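*Asks:*
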Amino acid sequence: MHNDLTDIAGLSVGQAEDETVRTGVTLVLFDEPAIAAIDVRGGGPGTRESDALRPGGLVEGVDAIVLSGGSVYGLGAADAVCAALGAQGRGFALMTQPGIPASPIVPAAILYDLANGGNKEWGDQPPYARLGRAALDDTRKRGRVRLGRAGAGQGAMAGTLPGGTGSARAWTHKL
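Each residue of the sequence shown is one higher than the one before, starting from 1 at the first, in full-length UniProt numbering.
1. Hey, how far is the Cα of glycine 14 from the Cα of arginine 144?
2. So the candidates are Tyr112, Gln154, Asn3 and Glu17; which of them puts its Cα closest to the Cα of glycine 42?
3. For the beta strand (DSSP E) containing alanine 36, list its first residue and its last residue.
4. Which of helix, strand or coil does DSSP assign to serine 68?
5. If we require 4 or more residues per run, which alpha helix (DSSP H) segments fall completely within the region 74-154?
6. Quick check on serine 50: does DSSP put it in helix, strand or coil?
7. Taking the straight line between their C-alpha atoms, what separation do you get for glutamate 17 and alanine 129?
8. Are the Cβ atoms of alanine 152 and serine 68 separated by less than 8 Å?
9. Since asparagine 116 and glycine 155 are thought to touch, with beta carbons under 8 Å apart, how far apart are those beta carbons, to the nearest angstrom?
10. Taking the alpha-carbon of serine 167 as reference, which of Gly24, Val28 and Arg22 has the nearest alpha-carbon?
11. Could you check the C-alpha separation between threonine 160 and glycine 89 for me, to the nearest Å?
12. Quick one: does the C-beta of glycine 163 sit closer than 7 Å to a heavy atom of the ligand COA?
13. Considering only C-alpha positions, which residue in the set Gly123, Asp79 and Arg169 is nearest to isoleucine 105?
14. Counting only the same chain and skipping the five closest in sequence on each side, list residues whose C-beta sits under 6 Å from that of arginine 149.
15. Tell me whether the beta-carbon of proline 107 lies closer than 8 Å to the beta-carbon of alanine 52.
16. Which partner residues does aspartate 18 have in the DSSP bridge list?
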């Protein structure tokens, strides 16, 4: 037991960072599609597939959840994870027919870490697709969640104060 999210059976967490850019990605991967929900707040939220999480929708479970730095560029991490999971045959299939791929459901949320001092001169090749694939590869370790300046928390800031990654789990026991 790690006393973090990875203590929950059927999920693993992967994290990847780019210290030069001062950014990163955290991925929660489910062994089987899982029910998920989201609460979007703030003046400039950045999400992907958040509407798919609304009750009563067609899709009942998600394959993975991506959290990323990089503001709008960070959403590219979920694109890479979606492509990799689709290549593995994972995802929602409205109809099963040869030649029609399943659609992995990979909601994502980003944070703004572009002004944290890291090198953001990536031109037309932001690092987030690479970081998304690296976080997916990292889920194979099935280790504990690295806290603080790790994964999506690598370059996180709360104003001028450093942020980071946290994790928790809750459990019940009989008295």
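We put the beta carbon where it would ideally sit given N, CA and C, even for glycine.
Just so it is clear, the structure is predicted and the values come from calculations on it, not from any experiment.
*Replies:* With the given structure in hand:
1. Taking the sequence shown and counting its residues from 1, the one referred to as residue 14 is at position 14. Taking the sequence shown and counting its residues from 1, the one referred to as residue 144 is at position 144. Near 9 Å, if we compare the C-alpha coordinates of arginine 144 and glycine 14.
2. Mapped onto the sequence shown, residue 42 falls at position 42. The candidate whose alpha carbon is nearest that of glycine 42 is Tyr112.
3. Residue 36 sits at position 36 when you count from the first residue of the sequence shown. No beta strand (DSSP E) contains alanine 36, which DSSP labels as neither H nor E.
4. In the sequence shown, counting from the first residue as 1, residue 68 sits at position 68. Here serine 68 sits in strand by DSSP.
5. 76-87 and 128-138
6. Translated into positions along the sequence shown, residue 50 becomes position 50. Note: serine 50 maps to helix in three-state DSSP.
7. Within the sequence shown, residue 17 is the residue found at index 17, counting from 1. Within the sequence shown, residue 129 is the residue found at index 129, counting from 1. So the alpha carbons of these two residues sit roughly 12 Å apart.
8. As a position in the sequence shown, residue 152 is number 152, starting the count at 1. As a position in the sequence shown, residue 68 is number 68, starting the count at 1. A contact, by the Cβ cut-off of 8 Å.
9. By 1-based counting over the sequence shown, the position of residue 116 is 116. By 1-based counting over the sequence shown, the position of residue 155 is 155. Contact flag correct, Cβ pair sits at about 5 Å.
10. Working through the sequence shown from its first residue, we reach residue 167 at position 167. It is Val28 whose Cα lies nearest to the Cα of serine 167.
11. Within the sequence shown, the letter at position 160 stands for residue 160. Within the sequence shown, the letter at position 89 stands for residue 89. Straight-line Cα distance between these residues: approximately 43 Å.
12. The ligand content of the structure shown is nil, which means the ligand COA is not present either.
13. Mapped onto the sequence shown, residue 105 falls at position 105. Closest by alpha carbon: Asp79.
14. Along the sequence shown, read from residue 1 onward, the residue named residue 149 stands at position 149. Closer than 6 Å at the Cβ level, and outside the excluded window around arginine 149, lie Gly164.
15. The residue given as residue 107 occupies position 107 in the sequence shown. The residue given as residue 52 occupies position 52 in the sequence shown. A contact, by the Cβ cut-off of 8 Å.
16. Numbered from 1 along the sequence shown, position 18 holds the residue referred to as residue 18. In DSSP, aspartate 18 forms a bridge with Thr23.
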